[in-house]
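Worksheet for the structure shown next.
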Amino acid sequence: IANQYSPPNADLTNKATGHQWYCTYEYPDLGVTFDSYMLKEANDPTRQPNQRARTDADGPPLLAVDNRIVIPAGKTVKFLVTADDVIHAFAIPAFWVKQDANPGQIHETWAKVDRPGVYFGQCSELCGARHAYMPIAVEVVPQAQFDAWVASKGGKAPGAPVVQAAAAPSAANDNAPAATVAASATNQPATAN
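Using the numbering used here, read the sequence shown as starting at 3 and increasing by one per residue.
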């Protein structure tokens, strides 16, 4: 049990924010952020015409989402958990993880999953009328597939070199030096104190 409270150095960080009634996931070191909503059934009268319906490939009813958390197999992932409105929870039973998500607080948990696959969980706090419609889906993939997913989301892979971009000089002052912007792409592991 002590290891639950003293996580090892993390290879990756994911921040989960609960909302009424969906989740936002952020990979702060990789520059990737997205929302995740439950997929509704094709015959659900509340599904909007432009919303994709759940298929069997997405997962079971009430657990399938439009955007899964993706993590690399065999890596330690630190999850930062919070909420912006009411108390939610980040619970994935297969990982032995259940962490409350409280507004104004950031809680931490972690997981290391060696077996690729899709793992499902749900918000496990009574967070309001649509509490039952806040599933969590985590897809564990090989590192190369994870790197490709990060790139597809417009993020930067861990350990990528620092990128330098030069801005064009303004038309008002053609002799002005171009401004340079450096984006840090470091992925420093977390340390437990």
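Every residue, glycine too, gets a C-beta built ideally from N, C-alpha and C.
Cβ contact check for the segment 37-46 and the segment 102-114: 3 or more pairs under 8 Å: no
Limits of the unbroken alpha helix (DSSP H) element including residue 150: 145-154
4-residue-minimum alpha helix (DSSP H) runs that sit fully inside the segment 65-131, ordered along the chain: none
Under the three-state DSSP convention, the category residue 135 falls into: helix
Stretch-stretch touch, CB-based, cutoff 8 Å, three pairs: the segment 74-82 with the segment 10-28: yes
CB of residue 117 within 8 Å of CB of residue 140, strictly: no
For residue 37, the first and last residue of its enclosing beta strand (DSSP E): 34-38
Backbone CA spacing between residue 138 and residue 38 [nearest angstrom]: 8 Å
Top-ranked residue by Cα proximity to residue 69, from 24, 102 and 33: 24
Cβ neighbour criterion (16 or more within 10 Å) applied to residue 98: exposed
Alpha carbon of residue 86 to alpha carbon of residue 93, nearest angstrom: 17 Å
Delimiting residues of the beta strand (DSSP E) encompassing residue 20: 14-21
Inter-residue spacing [alpha-carbon to alpha-carbon] between residue 71 and residue 49: 23 Å
Test item: CB-CB of residue 34 and residue 75 under 8 Å: no
Spatial neighbours of residue 135 in its chain, beta-carbon cut-off 6 Å, leaving aside the 5 residues before and after: 23 and 40
Cutoff 6 Å; reference residue 129; Cβ partners in own chain excluding five residues on either side: 88 and 90
Residue from 131, 52, 120 and 158 whose Cα sits closest to the Cα of residue 59: 120
Beta-carbon gap between residue 152 and residue 32 smaller than 8 Å: yes
Selected residue, minimal CA-CA separation from residue 95, among 102, 36, 29 and 122: 122
Nearest-angstrom Cα separation, counted from residue 103 out to residue 46: 29 Å
Residue range of the beta strand (DSSP E) that includes residue 26: 24-29
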